[in-house]
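Participant:
2 protein chains.
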Amino acid sequence: MNKAGRAGETGEGQDAARITVGLGDRAYDILIGSGLIAAAGAEIIRRLPGIRVAIVSDEHVAAHHLDMLTQSLASAGMAAEALVLPAGEKTKSFAMLQEVVDFALREKLERRDALIALGGGVIGDLTGFAAGIVRRGMRFIQVPTSLLAQVDSSVGGKTGINTIRGKNLVGVFHQPQLVLADAGALDTLPRREFTAGYAEVAKYGLIDRPEFFAWLEGNWRAVFAGGAARTHAIAESCRAKADVVARDEREAGDRALLNLGHTFGHALEAATDFDSARLVHGEGVAIGMALAFRFSARMNLASPDDAERVEKHLRDVGLPWRLADVPGGLPSAERLLDYIAQDKKVTRGALTFILAHGVGRSFVARDVPASQVLAFLEENNPQ
Amino acid sequence: MNKAGRAGETGEGQDAARITVGLGDRAYDILIGSGLIAAAGAEIIRRLPGIRVAIVSDEHVAAHHLDMLTQSLASAGMAAEALVLPAGEKTKSFAMLQEVVDFALREKLERRDALIALGGGVIGDLTGFAAGIVRRGMRFIQVPTSLLAQVDSSVGGKTGINTIRGKNLVGVFHQPQLVLADAGALDTLPRREFTAGYAEVAKYGLIDRPEFFAWLEGNWRAVFAGGAARTHAIAESCRAKADVVARDEREAGDRALLNLGHTFGHALEAATDFDSARLVHGEGVAIGMALAFRFSARMNLASPDDAERVEKHLRDVGLPWRLADVPGGLPSAERLLDYIAQDKKVTRGALTFILAHGVGRSFVARDVPASQVLAFLEENNPQ
Chain A
1 MNKAGRAGET GEGQDAARIT VGLGDRAYDI LIGSGLIAAA GAEIIRRLPG IRVAIVSDEH
61 VAAHHLDMLT QSLASAGMAA EALVLPAGEK TKSFAMLQEV VDFALREKLE RRDALIALGG
121 GVIGDLTGFA AGIVRRGMRF IQVPTSLLAQ VDSSVGGKTG INTIRGKNLV GVFHQPQLVL
181 ADAGALDTLP RREFTAGYAE VAKYGLIDRP EFFAWLEGNW RAVFAGGAAR THAIAESCRA
241 KADVVARDER EAGDRALLNL GHTFGHALEA ATDFDSARLV HGEGVAIGMA LAFRFSARMN
301 LASPDDAERV EKHLRDVGLP WRLADVPGGL PSAERLLDYI AQDKKVTRGA LTFILAHGVG
361 RSFVARDVPA SQVLAFLEEN NPQ
Chain B
384 MNKAGRAGET GEGQDAARIT VGLGDRAYDI LIGSGLIAAA GAEIIRRLPG IRVAIVSDEH
444 VAAHHLDMLT QSLASAGMAA EALVLPAGEK TKSFAMLQEV VDFALREKLE RRDALIALGG
504 GVIGDLTGFA AGIVRRGMRF IQVPTSLLAQ VDSSVGGKTG INTIRGKNLV GVFHQPQLVL
564 ADAGALDTLP RREFTAGYAE VAKYGLIDRP EFFAWLEGNW RAVFAGGAAR THAIAESCRA
624 KADVVARDER EAGDRALLNL GHTFGHALEA ATDFDSARLV HGEGVAIGMA LAFRFSARMN
684 LASPDDAERV EKHLRDVGLP WRLADVPGGL PSAERLLDYI AQDKKVTRGA LTFILAHGVG
744 RSFVARDVPA SQVLAFLEEN NPQ
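Those protein sequences? They're chains A and B, same order as listed.
If you use our numbering, the first sequence corresponds to residues 1 to 383, in order.
If you use our numbering, the second sequence corresponds to residues 384 to 766, in order.
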């Protein structure tokens, strides 16, 4: 159904990029560059004339960016109310979903109108889910303000909330109309959060872009500093994800590659009670990627040199990369395996992992023996 | 994207029919006939080998049909837990949605497994919505046990719940894998409920099947009695709906025709506080269809004879057909118009109605002047 991804960068400016996510009649653009929040009103009204909008954000992000977005919309003729929710993963709940849905209905938004998600992955996932179910699907626009959201969660149409049974087990596939990734907005991020988001940037190189990974090894300091290198890294990440999504929108096959590092990572997040003081998502993914490469080496699928190279880069940028890096300790290997087996990507009890033949050569490994995983975790768990 | 609907009836038995809803890779069959609940296990396992299932039902329906369904599944090798919810429209709520979602996760159902909705429209809409959001979309199977559900809500993939802002304002489009419409199960329905469901049967004739409407005028007593005439009426209704859905799955155009009688009808349901003692959905639709034809005649779009013919048939079968038939009285015409304007099918404040040039000649009328509707309601409101 979905044609091969067309992903092109225009020469709109030294420090700006445009990626088109090729999904037929649901195709949409991702704009990347500095100053896009201030330009949001003009961009939206030019592309979607006559649209009405309302904003969903969280307390932290609203403090930095809400006034600018509201003014930008107003100067383009769009009066927009804002719903400001508590910051943090707990906001991805049924109760908050109901809040956002009621907000959209209270604002009398119709199917052709849009909710604007101003925030990180939590706000984007929650708002996208709400937009996907209000009137059985209304428009939404992503204005991601974290690196993680800009390179991952705002691209691809996966939305969702968490339940007591696990993270992201409830949601819909619902594509945004437009993504405005303001690279300058990342200047307000705490260093730890930027670094955690960087794990997903590195992930794209590790999946199938070895040249990009090599570029990151040489240029990560510039990416952290901002400017053209950062915009390039974000654009390359979005392009990588858009290509995969266009090939496999609903995760029937290739899209699973994007879960590199996530099966181990989710288990670690669960094992630390999703306590962000101990571990945030990107940190779990970083450790998960390092484990996936080390496990691949142990299974003689990849060389130990590849595993070492991955570990070194994560260590260089300041990311955790081994189980021993999780503060507060971890449960037993058996318990970690239980968390892994509850992961929603498990099919018929067989363990599915994203493993690698080398940097940029990841693949979906189905029917990985649980006993091998257990032995590997036992060897690596410092407990 | 969706090809023209293929809708064919097999010669599987004197009293059985099969309709295929032609939606490309989401195509599915509707089986209609007596004894299908008892045959459910065999039908499901033959079509979806290896599937795991769990049942959602309500207290009324479970008392009549749950044991038979559970036994049928068990004899086909499927052990199925059941979640039995309170009966009634109030069950289409966020709270119950969360219950069903948690049930599916607790049962560890995966994307390829199925929730079975055993019940009327409420259970079907709620369960379909839950299936649409668990793991971003798992399978579900409809086993509709009311006439309304068999001819309308179980076909077409519209799912949803109600909120304080209105009915069905929240949901997803999610197609079932299979619909098993056991015509014999309708024998347990109260007469009033069967009659209310019949309004939707008559609707298909009024939309675009004048021969079917003429057949109903001559054979409605046999339809009410059961047997081959009933199966024929249900099959013809499903075929009519399947044709429209295949042309316009996501309600961009033609599908709106299915709302014949529903804009007035929803307003009446809202004006009576959704109190089923006063008015149930099908009764609202019956009055709504009569009003749509009478209003069409007033606008010189249809002949008064057509309006009279519609009114007579509804009266004959025992359905309400005018505002005066709503027990307990109605609010003012202005207030009714407010309810109409809040209907989710309103676009940009213009009123959209399904009107008719005659029996079987309905059409989507956009930009109907609110002043004309108000005058019409004032003339017809007995208040």
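Think of the CB as a built atom: it goes at the ideal place given N, C-alpha and C, for glycine as much as any other residue.
Here the structure is a predicted model, which means the values were calculated and not measured.
1) Answer yes or no: does any C-beta atom of chain A fall closer than 7 Å to that of Arg522(B)?
2) If you draw a straight line from the alpha carbon of Thr347(A) to that of Val170(A), how long is it in whole angstroms?
3) Do we get a CB-CB distance below 7 Å when we pair Gln558(B) with the residues of chain A?
4) When you compare the CB of Ile516(B) with every CB in chain A, is at least one pair closer than 7 Å?
5) Is it buried or exposed, Gln372(A), if we count other Cβ atoms within 10 angstroms and call 16 or more buried?
6) Count the other C-beta atoms from every protein chain shown that fall within 10 angstroms of the C-beta of Ser34(A), then say buried if there are 16 or more, exposed otherwise.
7) Mind listing the chain A neighbours of Gln481(B)? Cutoff is C-beta to C-beta under 7 Å, in chain order.
8) Please state the DSSP three-state secondary structure of Phe657(B).
9) Do you know offhand how far Leu599(B)'s Cα is from Phe607(B)'s?
10) Quick one: which chain A residues come within Cβ less than 8 Å of Val555(B)?
11) When you compare each of Glu107(A), Arg112(A) and Val84(A) to Leu126(A) by their alpha carbons, which one comes out closest?
12) Can you tell which of Lys586(B), Ala425(B) and Val663(B) has its C-alpha closest to the C-alpha of Glu639(B)?
13) Does DSSP put Ile207(A) in a helix, a strand or coil?
14) Quick one: give me the first and last residue of the beta strand (DSSP E) that Gly540(B) is part of.
15) With H, G and I counted as helix, E and B as strand and the rest as coil, what does DSSP make of Asp535(B)?
16) From which residue to which residue does the alpha helix (DSSP H) around Lys491(B) run?
17) Considering only residues of the same chain and omitting the five flanking positions on each side of Ile19(A), which have a CB-CB separation below 6 Å?
18) What does Lys586(B) reach in chain A if we use C-beta pairs closer than 8 Å?
19) Is it the case that the Cβ atoms of Ala514(B) and Leu530(B) are separated by a distance below 7 Å?
20) Run through DSSP, which three-state label would Asn381(A) get?
21) At a Cβ threshold of 7 Å, is Leu377(A) touching chain B?
22) Taking Cβ to Cβ, would you say Val155(A) is nearer than 7 Å to Gly119(A)?
23) Where does Ser153(A) land, buried or exposed, given buried means 16+ other C-beta within 10 angstroms?
24) Is the Cβ of Val61(A) closer than 7 Å to any Cβ of chain B?
25) Within 10 Å of its beta-carbon, does Ile420(B) have 16 or more other beta-carbons around it, so buried, or fewer, so exposed?
26) Would you check if the distance between the CB atom of Ala739(B) and the CB atom of Ala685(B) is smaller than 7 Å?
27) Answer yes or no: do Ile32(A) and Ile161(A) have a C-beta to C-beta separation smaller than 7 Å?
28) Considering only their Cβ atoms, is the gap separating Leu377(A) from Arg307(A) smaller than 7 Å?
29) Could you name the residues that DSSP lists as bridge partners for Pro527(B)?
30) Could you check which residue in Thr542(B), Tyr411(B), Gly741(B) and Ala724(B) has the C-alpha nearest to that of Val562(B)?
31) Say whether the region 188–203 of chain A touches the region 322–330 of chain A, bearing in mind that this needs 3 or more beta-carbon pairs closer than 8 Å, one atom from each stretch.
32) I need the DSSP call for Val627(B), collapsed to helix, strand or coil.
33) For Asp441(B) versus Ala470(B), is the C-beta spacing smaller than 7 Å?
34) Starting from the C-beta of Gly227(A), find all residues in its chain whose C-beta is less than 7 Å away, skip the five residues before and the five after it, and write them out in chain order.
35) Return the CA-CA distance between Ile340(A) and Phe264(A), expressed in angstroms with no decimal places.
36) Going by other Cβ atoms of all chains shown within 10 Å of its Cβ, with 16 needed for buried, is Arg592(B) buried or exposed?
Facilitator: On the basis of the supplied data:
1) Your numbering for residue 522(B) matches position 139 in the second sequence. Closer than 7 Å: no.
2) Along the first sequence, read from residue 1 onward, the residue named residue 347(A) stands at position 347. Along the first sequence, read from residue 1 onward, the residue named residue 170(A) stands at position 170. With a pLDDT of 46 at Thr347(A), under the threshold of 50, the predicted position of this residue should be treated as unreliable, though the coordinate-derived value follows. Their Cα atoms are separated by approximately 17 Å.
3) Start at 1 with the first residue of the second sequence, and residue 558(B) comes out as number 175. So no, Gln558(B) is outside the interface.
4) If you number the second sequence from 1, residue 516(B) lands on position 133. It does: the Cβ of Ile516(B) has a partner Cβ on chain A nearer than 7 Å.
5) To locate residue 372(A), count along the first sequence from 1; it is residue 372. Classification for Gln372(A): exposed.
6) Working through the first sequence from its first residue, we reach residue 34(A) at position 34. Answer is buried; the Cβ neighbour count reaches 16.
7) Locating residue 481(B) in the second sequence gives position 98, counting from the first residue. The contacting residues are Phe94.
8) Walking along the second sequence from the start, residue 657(B) turns up at place 274. For Phe657(B), the three-state secondary structure derived from DSSP is coil.
9) Start at 1 with the first residue of the second sequence, and residue 599(B) comes out as number 216. Start at 1 with the first residue of the second sequence, and residue 607(B) comes out as number 224. Spanning the two alpha carbons is a distance of roughly 11 Å.
10) Within the second sequence, numbered from 1, the residue matching residue 555(B) stands at position 172. Result: Gly132, Ile133, Arg136, Gly137 and Val172.
11) Here residue 126(A) is taken as the residue at index 126 of the first sequence, counted from 1. If we check each option's Cα against that of Leu126(A), Val84(A) comes out closest.
12) Locating residue 639(B) in the second sequence gives position 256, where the first residue counts as 1. Inspection of the sequence shows that residue 639(B) is occupied by Ala rather than by Glu. Ranking the options by Cα distance to Ala639(B), first place goes to Lys586(B).
13) For the purposes of this step, residue 207(A) is taken as the residue at position 207 of the first sequence. In the displayed model, Ile207(A) falls within a helix according to three-state DSSP.
14) Taking the first residue of the second sequence as position 1, residue 540(B) is located at position 157. Unbroken run through Gly540(B): none, as it is neither H nor E.
15) Taking the first residue of the second sequence as position 1, residue 535(B) is located at position 152. Helix at Asp535(B).
16) Stepping through the second sequence from its first residue, residue 491(B) is reached at position 108. First-last for Lys491(B): undefined, no H or E at that position.
17) Numbered from its first residue, the first sequence carries residue 19(A) at position 19. Cβ-Cβ distances below 6 Å link Ile19(A) to Ala7, Ile30, Cys238, Arg239 and Ala242 in the same chain, with the five nearest sequence neighbours on each side left out; the list follows chain order.
18) In the second sequence, the residue the question calls residue 586(B) occupies position 203. Residues of chain A passing the Cβ test: none, with the nearest at roughly 21 Å.
19) Residue numbering aside, residue 514(B) sits at position 131 when the second sequence is read from its first letter. Residue numbering aside, residue 530(B) sits at position 147 when the second sequence is read from its first letter. Between Ala514(B) and Leu530(B), the gap from beta carbon to beta carbon reaches 7 Å or more.
20) Numbered from 1 along the first sequence, position 381 holds the residue referred to as residue 381(A). Reduced to three states, the DSSP call for Asn381(A) is coil.
21) Position 377 of the first sequence, counting from 1, holds the residue named residue 377(A). So, not an interface residue.
22) What you label residue 155(A) is simply residue 155 of the first sequence in a count that begins at 1. What you label residue 119(A) is simply residue 119 of the first sequence in a count that begins at 1. In this structure, Val155(A) lies away from Gly119(A), with their beta-carbon atoms at least 7 Å apart.
23) Numbered from its first residue, the first sequence carries residue 153(A) at position 153. Burial call: buried.
24) Translated into the one-based positions of the first sequence, residue 61(A) becomes position 61. Not one chain B Cβ lies under 7 Å of Val61(A).
25) Here residue 420(B) refers to the residue found at position 37 when the second sequence is read from its first residue. By the neighbour-count rule (16 or more Cβ atoms within 10 Å), Ile420(B) is buried.
26) Taking the second sequence and counting its residues from 1, one reaches residue 739(B) at position 356. Taking the second sequence and counting its residues from 1, one reaches residue 685(B) at position 302. Yes, the Cβ-Cβ distance between Ala739(B) and Ala685(B) is below 7 Å.
27) If you number the first sequence from 1, residue 32(A) lands on position 32. If you number the first sequence from 1, residue 161(A) lands on position 161. Inclusion of Ile32(A) and Ile161(A) in the CB contact set at 7 Å is not warranted, their separation being larger than that value.
28) Here residue 307(A) refers to the residue found at position 307 of the first sequence. Here residue 377(A) refers to the residue found at position 377 of the first sequence. Per the sequence presented here, residue 307(A) reads as Ala, with Arg not at that position. Contact: no.
29) Looking up residue 527(B) in the second sequence gives position 144. DSSP output for Pro527(B) lists Gly502(B) as bridge partner(s).
30) Position 179 of the second sequence holds residue 562(B). Nearest C-alpha to Val562(B): Tyr411(B).
31) No, the region 188–203 of chain A does not touch the region 322–330 of chain A.
32) As a working mapping, residue 627(B) is identified with position 244 in the second sequence. Reduced to three states, the DSSP call for Val627(B) is helix.
33) In the second sequence, residue 441(B) corresponds to position 58, counting from 1. In the second sequence, residue 470(B) corresponds to position 87, counting from 1. Yes. Within cutoff.
34) One-based indexing of the first sequence puts residue 227(A) at position 227. Sequence-distant Cβ neighbours of Gly227(A) in its own chain, meaning closer than 7 Å and more than five residues away, are Asp15.
35) For this step, residue 340(A) is matched to residue 340 along the first sequence. For this step, residue 264(A) is matched to residue 264 along the first sequence. The alpha-carbon separation between Ile340(A) and Phe264(A) amounts to approximately 7 Å.
36) In the second sequence, counting from the first residue as 1, residue 592(B) sits at position 209. Answer is buried; the Cβ neighbour count reaches 16.
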